[in-house]
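Worksheet: one structure, shown below.
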Amino acid sequence: MSERLTIAGKLFSSRLFTGTGKFPNSNVMQKALIESGTELSTMALKRVEVNNPEDNILKPIVDAGINLLPNTSGAKNAREAIFAAQLAREALGTNWLKLEIHPDPKYLMPDPIETLKAAEELVRQGFIVLPYCHADPVLCKHLEEVGCAAVMPLGAPIGSNKGIASRDFLEIIIDQARVPVVVDAGIGAPSHAAFAMEMGADAVLVNTAIAAARNPIAMATAFKLAVQSGRLAYENGLAPVNTQAVASSPLTAFLD
Amino acid sequence: MTFTDEWEKLNWDDVKLSIYSKTTKDVERALNKPKRDLEDFKALISPAAESYLEKMAQESARLTRQRFGHTIGFYIPLYLSNLCANACTYCGFSMENRIKRKTLNQDEIAQEITAIKAMNFDSVLLVTGEHETKVGMDYFRQTLPQIKQSFNYLAMEVQPLEQKEYAELKTLGLDAVMVYQETYHPSTYAEHHLRGNKMDFEYRLETPDRLAKAGVDKIGIGALIGLEEWRTDCFFVAAHLDYLERRYWQTRYSISFPRLRPCEGALQPKSIMSDKQLVQLICAHRLLNSEVELSLSTRESAHFRDNVLPLGITSISAASKTQPGGYANDEQELEQFSINDERSALSVASAVQARGFEPVWKDWEREFQSIEAAQYEK
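Chain order of the listed sequences is A and B.
All letters in the first sequence, in the order written, are residues 11 to 266 by the numbering used here.
All letters in the second sequence, in the order written, are residues 301 to 678 by the numbering used here.
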């Protein structure tokens with residue numbers, strides 16, 4: 011059994027966080043999320059009818075006992091994101107928030123400046139802020155310093171399924187971070203998720219790769235196993251990579 | 301700088317010749333590239349690509365699922381007025397047509413809203429003819445706030461306005477504007493726009509620039525397919541989008557594909573586009589641009605819409621009435637054009653679900669913008 015993850019005092023047995031977009035219907039979504047074992051699932055506030063108890067995104071998640079992580083997708087600046095956050099807290103009764111601000115609707119790149127501004131203000135207002143951001147080590151330290159409960163740097167452009175394209179920068183972020191690091195966006199295959207976990211990421215967030223799979227429910231299981239496997243490997247110390255055979259005549263033998 | 305500057309660099313006949321000179325080799329090269337450009341788009345809409353349609357459709361479907369997943373957005377047009385001071389050869393609202401004219405008042409709008417909300421829609425497209433005095437800014441100032449109370453996403457398809465007018469309407473809840481050039485061929489444009497403000501080709505051509513500068517969230521462009529040789533006109537649409545995306549990177553874009561069909565007693569298309577060619581065009585747009593929204597209206601038949609759904613389309617209208625007051629009280633003599641897919645919203649939604657897609661009714665939260673609007677007023 012792997013170590014449990016703690017974010018803002020909350021314990022998680024599953025290190026696989028999930029999204030709720032792009033599924034063919036709410037029934038498939040619910041089954042996939044249950045299969046994945048996820049305990050935290052994010053949903054776009056703009057997509058849900060917060061006052062409708064039958065909402066086809068909220069209800070299946072609440073019924074399955076999964077924690078809600080509302081997100082501010084659609085917000086183009088700090089002001090809109092803060093407003094969306096307040097609305098989410100009021101309507102959904104949670105102060106957990108995935109902060110995402112992308113002024114660019116084509117590539118959906120997170121805005122580092124507005125994200126930092128909004129994060130600082132939202133922490134001040136008592137939110138548990140998990141910001142989606144670039145794999146920028148300096149930005150991640152700033153986000154940590156203003157009080158974010160975790161950082162969520164991207165592996166690759168959102169929805170691209172390209173995997174851990176930002177590997178070198180994620181390694182620095184993981185090395186420096188004093189809050190959990192959740193690799194968000196770009197994870198397209200279970201092997202990518204396993205790789206992120208082997209690197210020492212505390213969790214991964216996966217949406218498109220599960221929702222747009224031919225069989226989302228089975229794919230959710232594949233991701234669950236990959237995340238468990240990657241974490242187990244990380245905790246038990248991967249054997250080092252050798253590019254050549256170990257020298258048979260040690261160079262320092264003459265000292266013996 | 302506006303799109304007019306770019307448009308002037310493109311010679312219609314050269315573009316046309318270049319499209320028709322594309323070979324199967326060009327098509328194969330375009331298909332095998334990971335990132336495509338406007339030259340590839342020409343190859344993909346060319347006659348040479350017709351035999352590659354299945355391959356294009358497969359790739360288009362794959363790209364669309366990756367970006368948009370298994371979802372289809374639903375919207376509905378709300379016709380507010382059929383009053384019009386333009387004479388356009390293809391339009392039922394043309395001032396020269398002797399039809400009953402009607403502009404909805406607030407009570408009538410309220411009745412339409414009630415009827416539309418009963419069908420579950422949350423995204424509405426307001427449509428009017430062009431009549432500056434009776435259906436101009438004053439009318440929009442009165443009606444937008446009323447309508448926005450019931451819909452999270454509000455789009456308009458009305459006469460082109462000034463940048464400051466768009467900025468003002470944005471504070472009243474405007475999210476998107478559809479403005480189709482009809483044709484990018486200036487003399488053909490002149491043949492079909494005989495009287496009224498719409499005769500001004502350039503003012504219309506520059507409307508997306510004004511919209512983007514005003515900060516409107518989404519801009520829809522397109523050509524009325526059939527007025528001119530469709531391949532060339534549709535290339536201009538792609539070139540227009542390419543220009544807009546590079547210049548106004550914070551705006552969302554959508555493309556629509558209204559096509560004129562051969563029809564007794566109405567304007568005959570100069571260039572007829574077959575179903576197969578429309579599919580080719582939809583796929584070519586998706587292969588060029590995996591992020592753009594592609595929309596298909598009820599001008600197309602139920603059979604065509606259901607089958608084309610997985611290939612690249614991201615939003616559809618349903619249960620549309622093209623006459624003012626048509627949802628609460630169906631009087632067909634007022635309509636702009638007759639629709640082809642007459643199914644109810646519920647039955648279109650069921651057809652969408654049957655194909656493995658989730659109908660998306662709500663995809664925006666109007667509360668997001670209220671602060672911004674308030675700040676604008678300061």
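Beta carbons: idealized from backbone N, C-alpha and C, even for Gly.
By the 9 Å beta-carbon criterion, what residues does the region 209-222 of chain A contribute toward chain B?
Residues passing the 9 Å Cβ filter: N217, T218, A221, A222.
Of all the CB atoms in chain B, is at least one closer than 9 Å to the CB of Y7/A?
Chain A is shown from 11 up to 266; residue 7/A falls before or after that span and cannot be answered.
Within a Cβ cutoff of 7 Å, which residues of the same chain sit near E658/B, ignoring the five residues on either side of it in sequence?
Residue 658/B sits at position 358 when you count from the first residue of the second sequence. These residues qualify, in order along the chain: H370, T371.
Under 8 Å, CB to CB, which of the residues in the region 107-125 of chain A have a partner in chain B?
Hits within the stretch, in order: P113, D114, P115, K116, Y117.
How long is the line joining the alpha carbons of A94/A and G522/B, rounded to whole angstroms?
Translated into the one-based positions of the first sequence, residue 94/A becomes position 84. Translated into the one-based positions of the second sequence, residue 522/B becomes position 222. Using only the alpha carbons, I get a separation of about 33 Å.
Only counting the same chain, and skipping five residues up and downstream in sequence, which positions put a Cβ closer than 6 Å to that of S24/A?
In the first sequence, counting from the first residue as 1, residue 24/A sits at position 14. Excluding sequence neighbours, S24/A sits near G47, T48, E49.
One question on the structure: do S346/B and V435/B come within less than 9 Å of each other, judged by their Cβ atoms?
Stepping through the second sequence from its first residue, residue 346/B is reached at position 46. Stepping through the second sequence from its first residue, residue 435/B is reached at position 135. Taking 9 Å as the Cβ cut-off, S346/B and V435/B do not qualify as a contacting pair.
Give, in chain order, every residue of the region 35-56 of chain A whose Cβ lies closer than 7 Å to some Cβ of chain B.
Listed in sequence order: N35, L55, K56.
Cα separation between G526/B and Q580/B?
Reading the second sequence from its first residue, position 226 is the one you call residue 526/B. Reading the second sequence from its first residue, position 280 is the one you call residue 580/B. Whole-angstrom Cα-Cα distance: 15 Å.
What residues in the region 72-88 of chain A bring their beta carbon closer than 9 Å to a beta carbon of chain B?
Those would be T82, G84, A85, K86, N87, in chain order.
With a floor of 4 residues, list each alpha helix (DSSP H) that falls wholly inside the region 17-55 of chain A, ordered by position along the chain.
If we require 4 residues or more, the alpha helix (DSSP H) runs fully inside the region 17-55 of chain A come out as 36-46.
Residues in its own chain within less than 7 Å of P122/A by CB, not counting five upstream and five downstream?
To locate residue 122/A, count along the first sequence from 1; it is residue 112. Result list for P122/A: C143, H144, D146, L149, in chain order.
Which residue comes first and which comes last in the beta strand (DSSP E) that contains V139/A?
The sequence position of residue 139/A within the first sequence is 129, counting from 1. Here the beta strand (DSSP E) through V139/A covers 138-143.
Curious, which full-length beta strand (DSSP E) runs of at least 3 residues does the region 515-598 of chain B contain?
The qualifying runs are 518-521, 552-556, 593-596.
Counting only Cβ pairs nearer than 9 Å, list the residues of chain A close to Q406/B.
Position 106 of the second sequence, counting from 1, holds the residue named residue 406/B. Those within 9 Å of Q406/B in chain A number zero; the least Cβ separation is about 26 Å.
Return helix, strand or coil for C388/B, following the three-state DSSP convention.
Looking up residue 388/B in the second sequence gives position 88. The answer is strand: DSSP assigns C388/B an E or B state.
List the residues of chain B that A314/A touches, going by C-beta distances under 9 Å, in chain order.
Here chain A has residues from 11 to 266 only, and residue 314/A is not among them.
For G31/A, which residues in chain B fall below 8 Å Cβ to Cβ?
On the first sequence, position 21 is the one that residue 31/A refers to. What G31/A touches in chain B: G369, T371.
Going by Cα to Cα distance, which pick from G198/A, A187/A, R241/A, R224/A is closest to A213/A?
Numbered from its first residue, the first sequence carries residue 213/A at position 203. Of the candidates G198/A, A187/A, R241/A, R224/A, the one whose C-alpha sits nearest the C-alpha of A213/A is R241/A.
Output the boundary residues of the beta strand (DSSP E) element that contains V191/A.
Counting from 1 along the first sequence, the entry for residue 191/A is found at position 181. It is not in any beta strand (DSSP E) - V191/A carries neither H nor E in the DSSP assignment.
In whole angstroms, give me the CA-to-CA distance for T364/B and A159/A.
Numbered from its first residue, the second sequence carries residue 364/B at position 64. Numbered from its first residue, the first sequence carries residue 159/A at position 149. Roughly 34 Å between the two C-alpha positions.
Answer with buried or exposed for D630/B, where buried requires no fewer than 16 other C-beta atoms within 10 angstroms of its C-beta.
Position 330 of the second sequence, counted from the start, is the residue given in the question as residue 630/B. D630/B is exposed by the Cβ-count criterion.
Using the Cβ count rule (16 or more neighbours within 10 Å means buried), how would you classify M162/A?
Working through the first sequence from its first residue, we reach residue 162/A at position 152. By the neighbour-count rule (16 or more Cβ atoms within 10 Å), M162/A is buried.
Can you pull out the residues from the region 637-665 of chain B whose beta carbon lies closer than 8 Å to at least one beta carbon of chain A?
Per Cβ criterion, the list reads Q653, G656, F657, E658, V660, K662, D663, W664, E665.
Using Cβ-Cβ distances below 7 Å, what residues of the region 15-27 of chain A are close to chain B?
From the region 15-27 of chain A, no residue has a Cβ closer than 7 Å to chain B.
Helix, strand or coil, according to DSSP, for H202/A in the structure here?
In the first sequence, counting from the first residue as 1, residue 202/A sits at position 192. Reduced to three states, the DSSP call for H202/A is helix.
Would you list, in sequence order, the uninterrupted beta strand (DSSP E) runs of no fewer than 3 residues that lie entirely inside the region 620-654 of chain B?
As far as the region 620-654 of chain B is concerned, it has no whole beta strand (DSSP E) run of at least 3 residues.
Quick one: which residues of the region 163-188 of chain A get their C-beta closer than 9 Å to a C-beta of chain B? List them in chain order.
Under the 9 Å Cβ criterion, the region 163-188 of chain A contributes G169, S170, N171.
So, is Y453/B buried or exposed, given that buried needs 16 or more other C-beta atoms within 10 angstroms?
Within the second sequence, numbered from 1, the residue matching residue 453/B stands at position 153. Looking at its Cβ environment, which holds 16 or more other Cβ atoms inside 10 Å, Y453/B is buried.
V608/B: which of E354/B, W307/B, F303/B sits nearest, CA to CA?
Sequence index remark: in the second sequence, residue 608/B carries index 308 (1-based). Ranking E354/B, W307/B, F303/B by Cα distance to V608/B puts E354/B first.
Under a three-way DSSP split, which group does S423/B fall into?
Position 123 of the second sequence, counted from the start, is the residue given in the question as residue 423/B. In the structure shown, S423/B sits in a strand (DSSP, three-state: E or B).
Start and end of the alpha helix (DSSP H) containing F657/B?
Numbered from 1 along the second sequence, position 357 holds the residue referred to as residue 657/B. Where F657/B is concerned, there is no enclosing alpha helix (DSSP H), given that its DSSP letter is neither H nor E.
Just checking, does the region 464-472 of chain B make contact with the region 226-233 of chain A on the three C-beta pairs under 8 Å criterion?
With a cut-off of 8 Å, the region 226-233 of chain A and the region 464-472 of chain B do not count as touching, because too few Cβ pairs lie within range.
Please look up how many angstroms separate the CB atoms of Q446/B and I409/B, rounded, as I've assumed it's under 8 Å.
Walking along the second sequence from the start, residue 446/B turns up at place 146. Walking along the second sequence from the start, residue 409/B turns up at place 109. Sure, about 6 Å apart at Cβ, within 8 Å.
Are the C-beta atoms of L68/A and some chain B residue less than 9 Å apart?
Indexing the first sequence from 1 puts residue 68/A at position 58. Judged by the 9 Å Cβ criterion, L68/A is not in contact with chain B.
Considering only the alpha carbon of each residue, which of E667/B, M478/B, G373/B lies closest to N420/B?
Counting from 1 along the second sequence, the entry for residue 420/B is found at position 120. It is G373/B whose Cα lies nearest to the Cα of N420/B.
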